[in-house]
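0 is the number of the first residue of the sequence shown in numbering that gives the first Met the number 0; add one for each residue after it. We put the CB at the ideal spot given by N, CA and C, even for glycine. The structure appears below as structure tokens.
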Amino acid sequence: MRTQVGIIGAGPAGLLLAHLLHLEGIESVILEARNREYIESRVRAGVLEQTTVDLLVQAGVGDRLKREGLVHRGVYLSFDGRRHRIDMAELTGGRSITVYAQHEVIKDLVEARLIARGMILFDVDEVTLHEVDQARPRVRFRQHGQTSELECDFIGGCDGFHGVSRASVPDHVLTAYERRYPFAWLGILAEASPSSEELVYTYHERGFALFSMRSPALTRLYLQCEPDEDLADWPDHRIWAEMLARFTTRDGWAPRQGPVIQKGVTDMRSFVVEPMQYGRLYLAGDAAHIVPPTGAKGLNLAAADVAVLARGLTQFYKTGRRDWLDRYSETCLRRIWKVQRFSWWMTSLLHRFSSDNDFDRRRQLAELDYITSSRAAMTSLAENYVGLPLD
Ligand code: RFL
Ligand code: PHB
0 MRTQVGIIGA
10 GPAGLLLAHL
20 LHLEGIESVI
30 LEARNREYIE
40 SRVRAGVLEQ
50 TTVDLLVQAG
60 VGDRLKREGL
70 VHRGVYLSFD
80 GRRHRIDMAE
90 LTGGRSITVY
100 AQHEVIKDLV
110 EARLIARGMI
120 LFDVDEVTLH
130 EVDQARPRVR
140 FRQHGQTSEL
150 ECDFIGGCDG
160 FHGVSRASVP
170 DHVLTAYERR
180 YPFAWLGILA
190 EASPSSEELV
200 YTYHERGFAL
210 FSMRSPALTR
220 LYLQCEPDED
230 LADWPDHRIW
240 AEMLARFTTR
250 DGWAPRQGPV
260 IQKGVTDMRS
270 FVVEPMQYGR
280 LYLAGDAAHI
290 VPPTGAKGLN
300 LAAADVAVLA
310 RGLTQFYKTG
320 RRDWLDRYSE
330 TCLRRIWKVQ
340 RFSWWMTSLL
350 HRFSSDNDFD
360 RRRQLAELDY
370 ITSSRAAMTS
380 LAENYVGLPL
390 D
């Protein structure tokens, strides 16, 4: 088999890359370890930056997103028993975020791929990359027990944090930067209509809590918990008691309760590898970096990376020039590090660290007070939250 761009992974990065290339007449093949039902139902992110929404709409895959996505022009920070609204749209010249589940983005992109008659091979395993530093890299894989080989001009390594792409780059080429956090998030999806129209990020002495949603009928909630938390220790009544203890404000606001239909624990880390390219292999999305979910940036960073990569590949196929491709890593990393900083800062601001003392807690409260009372500080939060420009 032969194609122009071989793409490993059908997450948001791989699927969007394939679609952006298709719009420029560039052919690709996507290899995905899981099946279609699995990737279209995996519950993950839910917040799209304005920058990501614009990208999806311009690429022609934003119709359902525009119809069904919930546009949020503000966000709440809650501490000391009070909610404080940050008017993001007013502070950023009308920019906003849209709540639209990641697996809905996946469904829209898979559909676009099928309409374009592009190839996605599901259920592949034993994926290995070969000669990525040569002119004709190859991907070997197995599907339904049969081994095949895909020869390509370039490879998009879009296979997430645990994929094979990053591991295929020789160790001495990559430098990894990492920070682990001493806590995790316990997340639930509940059949309850959201009791706030906008997200609520809560700082509480019992730990961080986040109120979000997926639709007018589904509430999404998270609690800071121990990194090795066992879900068996968290029956629904304990989860709700803890949610109410952290969220309830002095004016009586709290999430509405309902049947819990999904539960999970997410660990928290910041991670970047540099560079994000080696020979003809380009890493994008979680394959190259991870952010703690507090800034809601993972999916958005993945989309920004592939926008830059698609532009570089388009320049190559149209003109034969490689200067944008050569600068891919450098271009992406400038934005990535700013987003890493923001995600780390939101995490540090809002979580309880076991190493903190009373001084640190007073400092966190003072910072929250500052952010919710200074227009300059609020503007900085708002412009990062709605998304920095692509470059
Ligand atoms: P993905 O989505 O992990 O996709 C990688 C794909 O590659 C496949 N794969 C392989 N395929 C072939 N061969 C192999 N050897 C393979 N190994 C893996 C996998 O099956 C998968 O289909 O990476 P991508 O495309 O880079 O996208 C990244 C995002 O998924 C991720 O950053 C976000 O979900 C992070 N995230 C959030 N991001 C946001 O922007 N906003 C949010 O509100 C937000 N909330 C979250 C999140 C992530 C969470 N979890 C569960 C980690 C909330 C949570 C709870
Ligand atoms: C979500 O709705 O899943 C969500 C929202 C905001 C975040 C993280 C996750 O910061």
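Quick one: give me the first and last residue of the alpha helix (DSSP H) that Glu393 is part of. Since the displayed the chain opens at 0 and closes at 390, residue 393 lies outside it and no answer follows.
Might you give, ordered along the chain, the residues of its own chain that have their beta carbon closer than 6 Å to the beta carbon of Thr174, omitting 5 neighbours on each side? Glu273
Three-state secondary structure (DSSP) at Phe160? coil
Buried or exposed: Gly45, going by 16 or more other Cβ atoms within 10 Å of its Cβ? Its Cβ being crowded by 16 or more others within 10 Å, Gly45 is buried.
Residue environment, Val56, which counts as buried when at least 16 other CB atoms sit within 10 Å: exposed
Could you check whether Asp235 and Glu259 sit closer than 8 Å to each other, using their CB atoms as the reference points? Rather than Glu, the amino acid found at residue 259 in this sequence is Val. Contact: yes.
What does DSSP give as the partner residue(s) for Thr330 in the beta ladder? Answer is none; Thr330 lacks a bridge partner.
Boundaries (first-last residue) of the beta strand (DSSP E) holding Met267: 259-273
Could you tell me the alpha carbon to alpha carbon distance between Glu26 and His288, rounded to whole angstroms? 26 Å
Excluding the five sequence neighbours on either side, which residues of its own chain have a C-beta within less than 8 Å of the C-beta of Leu64, listed in chain order? Leu47, Val52, Leu55, Val56, Thr97, Tyr99, Glu103, Val104, Asp107
Just to confirm my understanding: we take Glu130, look at its own chain, exclude 5 residues before and 5 after, and list those with CB closer than 7 Å. What are they? These residues qualify, in order along the chain: Pro136, Arg137.
Closer than 5 Å to the ligand PHB: residues, by C-beta to nearest heavy atom, in chain order: Gly45, Val46, Ser211, Arg219, Pro292, Ala295
So within the stretch 1-42, which uninterrupted beta strand (DSSP E) runs reach at least 3 residues, ignoring any that extend past its ends? 4-7, 27-30
Ala285 beta carbon near the ligand RFL (any heavy atom closer than 7 Å): The sequence given here places Asp at residue 285; Ala does not occur at that position. It does: the Cβ of Asp285 is within 7 Å (strictly closer) of some heavy atom of the ligand RFL.
Check whether the Cβ atoms of Leu230 and Trp184 lie closer than 8 Å to each other. At least 8 Å separates the beta-carbon of Leu230 from that of Trp184.
Label Tyr384 either buried or exposed according to how many other C-beta atoms from any shown protein chain fall within 10 Å of its C-beta, with 16 as the threshold for buried. buried
Near the ligand RFL: Gly13 beta-carbon under 7 Å from a heavy atom: Remark: the shortest separation between the CB of Gly13 and any heavy atom of the ligand RFL falls under 7 Å.
Does the contact criterion of 3 or more C-beta pairs under 8 Å hold for the stretch 281-298 versus the stretch 329-347? yes
DSSP-derived helix/strand/coil call for Ser342: The answer is helix: DSSP assigns Ser342 an H, G or I state.
I need the boundaries of the beta strand (DSSP E) containing Leu300, first residue and last residue. Leu300 -> not in any beta strand (DSSP E); alpha helix (DSSP H) instead, spanning 297-318.
Taking 8 Å as the cut-off, does the stretch 363-375 touch the stretch 74-84 (at least 3 CB pairs, one atom from each stretch)? Judged by pairs of C-beta atoms under 8 Å, the stretch 74-84 touches the stretch 363-375, as three or more such pairs exist.
Might you give, ordered along the chain, the residues of its own chain that have their beta carbon closer than 6 Å to the beta carbon of Thr91, omitting 5 neighbours on each side? Taking Thr91 as the centre and dropping the five residues before and after it, the same chain places the C-beta of Ala381, Glu382, Val385 closer than 6 Å to its C-beta, in chain order.
Counting C-beta neighbours from all protein chains within 10 Å, is the total for Ser40 16 or more, i.e. buried, or is it exposed? exposed
Rounded Cβ spacing between Ala17 and Ile7 (contact assumed at less than 8 Å): Not quite, the Cβ-Cβ distance comes to about 11 Å (not below 8 Å), so this is no contact.
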